[in-house]
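Visitor: I'd like to ask you about the structure that follows.
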Amino acid sequence: MEKPSWAPFVVGGAFPREFTDLLVIAIIGLAGLQAYLTRFTVGGVELGFLTLFLTVLPTCTLASLSNATRKLREELALFAYGGSAWQVWAKHFLRGFTCSLIALSPFLSLEIITTGYSVGSRSLLLVLAAVLGGTFYSGPSLRRVRSAEFAESYKA
Amino acid sequence: MTYLIETTSVKMEYPHSDGVIQLYDEGVSLRVDPGDFVAVLGGSGWGKSTLVNIILGLEKPTSGTVHFSGEDVTRSSFVKRCSLVKTGAVFQRPTAIPQLTVGQNLNLALSMAGIPKGERDERIRESIAFFGLERITRAYPESLSAGQRKRIDLARALAIKPQLLVLDEPTGDLDTSASNLVMPLLRGLNKDHGTTILMVTALPRCASTAHQLLHLKPPGFITPSKRIDR
């Protein structure tokens with residue numbers, strides 16, 4: 001026997017493939033552009049990044065909530081195959097993180113190049129936005145599989 | 157003595173708009189030895205599927221315990237239970253990942269069960285041939301009928317060659333010919349391969365195949381006033 005492998009499911013699910021993922025990339029990309037170009041600060045906080053964070057959170061949450069019936073079917077199957085809640089979380093986290101990173105990668109690259117290939121605070125904020133994207137993308141799924149109603153879905 | 161599965165006085169309560177529904181009034185106490193074929197028979201809404209979920213760790217009982225190979229797994233997940241007893245599950249509602257083809261679904265299930273890569277293709281071929289799914293190996297589950305999806309579930313559960321097979325209404329959604337195929341198959345699996353089978357069904361005809369039969373009783377209903385009296 002080999003060690004049970006969940007990697008195909010988790011990693012395979014990381015790549016954006018739905019229309020809503022394209023929307024996520026477009027919206028976060030626009031917010032990233034604004035964050036990159038805007039240098040206004042209030043109390044030491046760059047307003048552009050504040051807007052970026054405030055855009056990433058609802059965008060990723062709503063994208064994750066879209067097509068919930070299909071996602072539920074997928075999660076039910078994963079559990080039936082011997083999967084677990086953290087695998088579902090990991091899959092959706094990776095998807096949200098990947099979408100956000102794709103959207104922000106041009107600005108992240110520019111930031112790294114303009115700072116002489118060093119990782120500055122603005123680069124870290126962009127990475128943080130991508131991590132938040134993954135976290136909020138995975139939230140609804142984790143809530144769904146941990147809910148009391150989840151197991152009810154196995155019943156016809 | 158250590159049983160493969162043992163449930164002791166398992167009870168379940170569900171909140172309801174007018175009170176609480178209580179399943180298994182006297183508690184379900186079930187002992188399954190390796191190689192047993194157990195059927196749980198009961199009517200619609202009597203808690204058959206809930207019992208499957210409790211045994212698989214997808215729902216937690218209100219009271220009572222569940223042991224797998226002597227270990228208390230009442231609060232443990234399905235994954236933990238599978239690590240103790242290699243378990244294949246077929247649910248009442250067909251379950252397959254919509255964006256993967258039938259073949260890919262089977263391959264993923266085998267990979268998650270730890271079947272070596274070199275063995276997977278052969279096992280998939282065997283299962284697919286057995287259930288007559290050759291023509292739909294490359295189809296996506298959502299394009300198939302409920303009966304075909306049920307057969308995919310059965311093929312997937314059997315492909316991992318489980319120690320324990322838990323089935324919720326195995327002949328549900330199947331036409332007569334497919335249904336007639338399933339019961340002898342389960343008998344053969346149990347008799348020839350020693351696979352332990354736990355099946356819930358509403359059909360006495362299917363239940364009669366088993367060595368051990370458990371009859372569920374209709375659920376009780378606890379009204380709020382009765383609960384206060386207690």
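Top line first, the protein sequences correspond to chains S and W. Take the first sequence: its position 18, counted from the start at 1, is 18 in our numbering, and no numbers get skipped. Each number in our numbering comes from the position in the second sequence (counting from 1) with 156 added on. Cβ coordinates follow ideal geometry from the N, Cα and C atoms, glycine included.
1. If the criterion is Cβ atoms closer than 8 Å, does the pair Y154/S and L214/W meet it?
2. Just the Cα atoms here: how many angstroms apart are T243/W and A130/S?
3. In chain S, which residues lie with their C-beta within 7 Å of the C-beta of E215/W?
4. Would you decide whether T163/W is buried or exposed? Buried here means 16 or more other CB atoms lie within 10 Å of its CB.
5. Measuring from the CB of E278/W, is there a heavy atom of the ligand PLP at a distance below 7 Å?
6. If S118/S and L108/S are in contact, beta carbons under 8 Å, what's the gap, nearest whole angstrom?
7. Out of F9/S, S121/S and D21/S, point me to the one whose CA is closest to F97/S's CA.
8. Quick check: S64/S and P140/S, are their CB atoms within less than 8 Å of each other?
9. Using the three-state DSSP reduction, which class does E169/W fall into: helix, strand or coil?
10. How far does the beta strand (DSSP E) with R249/W in it reach, from first residue to last?
11. Among all the DSSP beta bridges, which residues are the ones paired with Q368/W?
12. Using C-beta distances below 8 Å, list every residue in its chain close to G303/W, excluding the 5 sequence neighbours before and after it, in chain order.
13. Compare the C-beta of F9/S with all C-beta atoms of chain W and state if any pair is closer than 8 Å.
14. Distance check for S205/W and M268/W, CA to CA, integer angstroms please.
15. Say whether chain S places a C-beta atom closer than 8 Å to the C-beta of S333/W.
16. Just by C-beta distance, which residues in the stretch 357-369 of chain W are closer than 8 Å to chain S?
17. Based on DSSP bridge pairs, tell me the residues matched to M355/W.
18. Which residues does DSSP pair with R95/S in a beta bridge?
19. Let me make sure I understand the geometry here. Which of L240/W, G183/W and T327/W has the alpha-carbon closest to that of Y159/W?
20. How many whole angstroms separate the CB atoms of I353/W and L341/W, which I take to be in contact at a CB cut-off of 8 Å?
21. Using the C-alpha atoms, what's the distance from D324/W back to I211/W?
22. Counting only Cβ-Cβ distances shorter than 7 Å, please list the residues of the stretch 228-250 of chain W near chain S, keeping chain order.
23. State the start and end residues of the unbroken beta strand (DSSP E) segment that holds G175/W.
24. Could you please give me the residues that DSSP links to S205/W through a beta bridge?
25. For chain S, find out if any of its Cβ atoms is closer than 8 Å to the Cβ of P326/W; answer yes or no.
26. Determine the contact status of L57/S and L142/S, defining contact as a CB-CB distance below 8 Å.
27. Does F93/S pass the burial test, meaning 16 or more other C-beta atoms within 10 Å, or should it be called exposed?
28. Pull up the distance between the alpha-carbon of Y81/S and that of L264/W, whole angstroms please.
29. Ordered along the chain, which non-local residues of its own chain (more than five positions away) have a Cβ less than 8 Å from that of N67/S?
30. Where do the N-terminal and C-terminal ends of the alpha helix (DSSP H) with V56/S fall, by residue?
Guide: Looking at the atomic coordinates:
1. Yes, these two residues count as a Cβ contact at 8 Å.
2. Looking at the backbone, the Cα of T243/W and that of A130/S are separated by about 38 Å.
3. For E215/W, the residues of chain S that pass the 7 Å Cβ criterion are A151, in the order they occur in the chain.
4. Buried is the call here.
5. Among the ligands in the structure shown, none appear at all, so the ligand PLP cannot be discussed.
6. That belief does not hold up - the Cβ atoms of S118/S and L108/S are roughly 13 Å apart, past 8 Å.
7. F97/S has its Cα closest to that of D21/S, out of F9/S, S121/S and D21/S.
8. The answer is yes: Cβ separation under 8 Å.
9. The three-state secondary structure of E169/W, taken from DSSP, is strand.
10. Note, R249/W: premise wrong, no beta strand (DSSP E); not H, not E.
11. In the DSSP assignment, Q368/W forms a beta bridge with V194/W.
12. Here the set comprises D329, L330, D331 and A334.
13. It does; some Cβ of chain W falls within 8 Å.
14. C-alpha of M268/W to C-alpha of S205/W: approximately 24 Å in a straight line.
15. It does not: the Cβ of S333/W has no partner Cβ on chain S nearer than 8 Å.
16. Result list empty, no residue passes.
17. According to DSSP, M355/W bridges with A195/W and L323/W.
18. Partner(s): none; R95/S has no beta bridge.
19. For Y159/W, the nearest C-alpha among the options comes from L240/W.
20. Beta-carbon to beta-carbon, I353/W and L341/W are separated by about 10 Å, too far to satisfy the 8 Å threshold.
21. Going from the Cα of I211/W to the Cα of D324/W covers about 11 Å.
22. Considering only beta carbons, the part of the stretch 228-250 of chain W lying closer than 7 Å to chain S consists of S233, F234, V235, C238, A245, F247, Q248 and R249, in chain order.
23. Note, G175/W: beta strand (DSSP E), G175 to V188.
24. S205/W is not bridged to any residue.
25. Nearest CB-CB separation between P326/W and chain S: not below the 8 Å threshold.
26. Cβ atoms of L57/S and L142/S: not closer than 8 Å.
27. F93/S comes out buried.
28. Cα-Cα distance, rounded: 8 Å.
29. Excluding its 5 nearest sequence neighbours in each direction, N67/S has C-beta neighbours in its own chain below 8 Å: E18 and T20, listed in chain order.
30. That run of the alpha helix (DSSP H) goes L47 to L65.
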